[in-house]
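Counted the way our numbering counts, the sequence shown spans residues 7 to 358.
Ideal Cβ positions, reconstructed from N, Cα and C, are used throughout, including at glycine.
See below for the structure under consideration.
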Amino acid sequence: MENFWSKILFQVGSFQISGGQLTLGILLVLGLLILDWLVLFWILPKLFRRFQVEQARRRQVRRRFQPLFLYGIVLSWMWVSKMDHTLYEDQIRRINVSTLIQGLMLWQIAFIVDLILGRVILRGFFKAQENLKNPILMGGTSGLQRTWNTSNRYIKYAVYVMTCLFLLRLFNTDFTFFEGKIGKNLYALRISNVLGAALVILLAQLVIWIVVHLFLGNFYRRRNINIGSQFAFNQLVNYLVYFVAGLIALHFVGVNITVIAGGAVALLVGVGIGLQQTFNDFFSGILLLFERSIEVGDWVEIDGLVGKVRRIGPRTSVVQTRDNRSVIVPNSMLVVNNVTNWSHGDDLARFR
Numbered sequence: 007m008e009n010f011w012s013k014i015l016f017q018v019g020s021f022q023i024s025g026g027q028l029t030l031g032i033l034l035v036l037g038l039l040i041l042d043w044l045v046l047f048w049i050l051p052k053l054f055r056r057f058q059v060e061q062a063r064r065r066q067v068r069r070r071f072q073p074l075f076l077y078g079i080v081l082s083w084m085w086v087s088k089m090d091h092t093l094y095e096d097q098i099r100r101i102n103v104s105t106l107i108q109g110l111m112l113w114q115i116a117f118i119v120d121l122i123l124g125r126v127i128l129r130g131f132f133k134a135q136e137n138l139k140n141p142i143l144m145g146g147t148s149g150l151q152r153t154w155n156t157s158n159r160y161i162k163y164a165v166y167v168m169t170c171l172f173l174l175r176l177f178n179t180d181f182t183f184f185e186g187k188i189g190k191n192l193y194a195l196r197i198s199n200v201l202g203a204a205l206v207i208l209l210a211q212l213v214i215w216i217v218v219h220l221f222l223g224n225f226y227r228r229r230n231i232n233i234g235s236q237f238a239f240n241q242l243v244n245y246l247v248y249f250v251a252g253l254i255a256l257h258f259v260g261v262n263i264t265v266i267a268g269g270a271v272a273l274l275v276g277v278g279i280g281l282q283q284t285f286n287d288f289f290s291g292i293l294l295l296f297e298r299s300i301e302v303g304d305w306v307e308i309d310g311l312v313g314k315v316r317r318i319g320p321r322t323s324v325v326q327t328r329d330n331r332s333v334i335v336p337n338s339m340l341v342v343n344n345v346t347n348w349s350h351g352d353d354l355a356r357f358r
C-alpha cells in the first residue's frame, strides 16, 4: 500500500500523478458529488417548500449551483496535482489559474446568495405577510411590492460589495485613491476603505429593515400599538442605527473619531448662533418622538391651520389639511407654540 501511495502512475513532462494524489483526488471529487446531491435533492427542495418557490425560480437556483461544483472539482485536482500555471506576476501580486477560478467561484457564490436571500427567502416572507394581511407592511399590494424591491436591492448591493472586497484581497488589487499627510499623520484612502464604509451603510439598512419589519412588526401586532407610536419607535431605531453605522463607516475610511468629535464641538460653538433654529427643530423632533404628545395620524390645529400629521421628520413635520394640501411645519412650532391635538387620548377627531 505504501508503494502504491508514492508510486508515479503516469507522467507528462514535468507533470506527474502518484497513487496517493490520484486517490486523494478521487475522494475529493466523490465528496463534492455527494455535497452536490445533498444540496440539489435535499436542502434546496426543503427550502423551496418552506418558502413556496415557483418552478421557474427553482430551476434558476439549481442552474446556479452547477458551475460552482465544477469549479470546486477543477480546484481540487489542481491542488492535489500541484498543477497551477502562473498567468501574471509582479512585485506585489501573483495571479495563477487557480486565482481566476477562485474569483469565478466567489462571483458565482454571490449570485447564489443574492438569489436565495432576495428571490427565495425574502420573497417567501413577503408572500406570507401578504396572505396574513400584516399591518406592518402597509400600502396594499403596491406598497408590499415597493418594500420588497427596496429590501431586495439592499441585499443585492451588500452581497456584491462584500464580494468585491473579497476579490480585492484575492487579487491583491487594493489601489490607493489618496495618500498624503494630514497634520502629523500619514493618511491613505484605498478602494477597500470606501467599499467597507459602503458595506456598513448597506448593512445598517438591512438591520433597520429586520428590526422594524420582523421584530418590532410582530411586537406591534401582538400589542395592537397604534400607527403613531409605531412610527415614533421606528424613527428612533433609524436614528440609533444610522448614528452607530456612521461612526463605524468613518472608522473604515481611516477617520479618527476623537479628532472628529473635537472638531465637531469647535464647529458647533462657531456656527451655533447661525444654526440655532436648525438644532432647535432637530431636538424638537426627537422630543416629539419620545414624548409622543403629537403622533403620526393625529389631527392638530396650529395657528389656525387644521390638518392630519402625516410624517414627523428629523427637522420638519408634514401636516395634510382637509383640502389635501401638504404643509411643512418646523418641529419647534409643534413643541413651543400652542397646538390643539384633537386626537390626543381619543381615536375620534372632533371639528368645530
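Boundaries of the alpha helix (DSSP H) around residue 119: 103-120. Per DSSP, the beta-bridge partners of residue 195 are 184. Closest by C-alpha distance to residue 121, out of 182, 53, 213 and 85, is 53.
With fewer than 16 other Cβ atoms inside 10 Å of its own Cβ, residue 47 counts as exposed. Three or more pairs of CB atoms, one per stretch, sit closer than 8 Å, so the segment 168-176 contacts the segment 96-114.
Put simply, the segment 333-353 touches the segment 308-324. At least three CB pairs are less than 8 Å apart. Under the 8 Å Cβ criterion, the segment 73-80 does not count as touching the segment 95-102, having fewer than three qualifying pairs. Shown here, residue 305 sits in a strand according to DSSP, grouped into three states.
Residue 327 sits exposed, since fewer than 16 C-beta atoms from the chains shown fall within 10 Å of its C-beta. Taking C-beta atoms under 8 Å as the contact rule, residue 284 and residue 321 qualify, at a distance of about 7 Å. Annotation: residue 337 is outside any beta strand (DSSP E); the continuous alpha helix (DSSP H) that includes it extends over 337-342. Under the criterion of beta carbons closer than 8 Å, residue 186 and residue 193 qualify as touching, at roughly 6 Å. With distances taken between CA atoms, residue 163 lies nearest to 212 out of 173, 178 and 212. About 4 Å separates the beta carbons of residue 31 and residue 86, which is inside the 8 Å limit, making them a contact pair.
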